[in-house]
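The structure under discussion appears below in the form of structure tokens.
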Amino acid sequence: GDSVTQMEGPVTLSEEAFLTINCTYTATGYPSLFWYVQYPGEGLQLLLKATKADDKGSNKGFEATYRKETTSFHLEKGSVQVSDSAVYFCALRYNNAGNMLTFGGGTRLMVKP
Amino acid sequence: NAGVTQTPKFRILKIGQSMTLQCTQDMNHNYMYWYRQDPGMGLKLIYYSVGAGITDKGEVPNGYNVSRSTTEDFPLRLELAAPSQTSVYFCASSYSSGAVNEQFFGPGTRLTVL
Chain Y
1 GDSVTQMEGP
11 VTLSEEAFLT
21 INCTYTATGY
31 PSLFWYVQYP
41 GEGLQLLLKA
51 TKADDKGSNK
61 GFEATYRKET
71 TSFHLEKGSV
81 QVSDSAVYFC
91 ALRYNNAGNM
101 LTFGGGTRLM
111 VKP
Chain B
1001 NAGVTQTPKF
1011 RILKIGQSMT
1021 LQCTQDMNHN
1031 YMYWYRQDPG
1041 MGLKLIYYSV
1051 GAGITDKGEV
1061 PNGYNVSRST
1071 TEDFPLRLEL
1081 AAPSQTSVYF
1091 CASSYSSGAV
1101 NEQFFGPGTR
1111 LTVL
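Chains as they are written, first to last, in this note's numbering: chain Y, 1 to 113; chain B, 1001 to 1114.
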């Protein structure tokens, strides 16, 4: 079946450091790919998405490129802030009935001042 | 708009007790979902609904029931609570299927079964 694998956390960085959170997927078709962010005590929020190969999703300084050849969707940010501390989830979804998301295990990011 | 609201925020149950987790959305979304999030894990789909009167099982439906009598509400019922159901439960909704339709999540209900 389909699955999403993320690097294990926690990832601890200093403010203004470069961030990469790895995400790879296994899928039988051509899903859309997503990054969700969960701030402490809150529900998940969509951070960015890409719907086809070579698409780049971007939002709030975060970027991720849909790489079909490596089945990856790594999340990057050039300069993290303390306010970026959260749990980040990679997910995939097929555009069919149900609209169901398959999530990775999540990666906790801690940014220190 | 309030978006997706869930009640209660926290609950402790004893083994064998029952309860209903409430979920309401005010965005007129057709699709609604229930997920559970176990510590250090991703979310797993319990049940989903594509419209009023239509529900279907997700990945982990055992021990749960749902109903969808209105577009706005999608309650999740636990009939005989077990320690394995200790988790954080998230409700979500989206307008429809398709690449551009984002799922919006509620703030979650933290359930402990002792």
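Backbone N, C-alpha and C fix where the C-beta goes; we use that ideal spot for every residue, glycine too.
Neighbours of E42 of chain Y in chain B, taken as residues whose beta carbon is under 7 Å from its own, are P1107 in chain order.
Sorting B:H1029, B:T1007 and B:K1009 by C-alpha distance to the C-alpha of T1071 of chain B places B:H1029 at the top. Residues Y66 of the same chain have their beta carbon placed closer than 6 Å to that of D55 of chain Y, with the five preceding and five following residues left out of the count.
F1010 of chain B counts as exposed, since fewer than 16 other beta carbons sit within 10 angstroms of its beta carbon. The stretch 31-39 of chain Y and the stretch 80-91 of chain Y touch, with three or more beta-carbon pairs separated by less than 8 Å.
Chain B has a Cβ within less than 7 Å of the Cβ of G105 of chain Y. Along the stretch 1024-1053 of chain B, going in chain order, the ones with a CB nearer than 9 Å to a CB of chain Y are Y1031, Y1033, Y1035, Q1037, G1040, M1041, G1042, L1043, K1044, L1045, Y1048 and V1050. Annotation: T1024 of chain B to V1088 of chain B spans about 17 Å, alpha carbon to alpha carbon.
Among the residues facing chain B, N99 of chain Y is included, as its CB has a counterpart in that chain under 7 Å away. The beta carbons of Y1033 of chain B and L1021 of chain B sit about 13 Å from each other, so the pair does not count as a contact at 8 Å.
Under a criterion of Cβ atoms nearer than 9 Å, the residues of chain Y adjacent to S1094 of chain B are, in order, N99.
Taking P31 of chain Y as reference, the option from Y:T12, Y:R108, Y:L101 and Y:D84 with the minimal CA-CA separation is Y:L101.
Identification of residues in the stretch 30-62 of chain Y having a C-beta nearer than 9 Å to some C-beta of chain B yields S32, F34, Y36, Q38, G41, E42, G43, L44, Q45, L46, K49, T51 and K52, given in sequence order.
Scanning chain Y for C-beta atoms nearer than 7 Å to the C-beta of E1102 of chain B yields L46, reported in chain order.
Nearest to N1062 of chain B by alpha-carbon distance, out of B:I1015, B:F1090, B:G1106 and B:S1084, is B:S1084. One finds G43 and L44 in chain Y with Cβ atoms closer than 9 Å to the Cβ of F1090 of chain B, taken in chain order.
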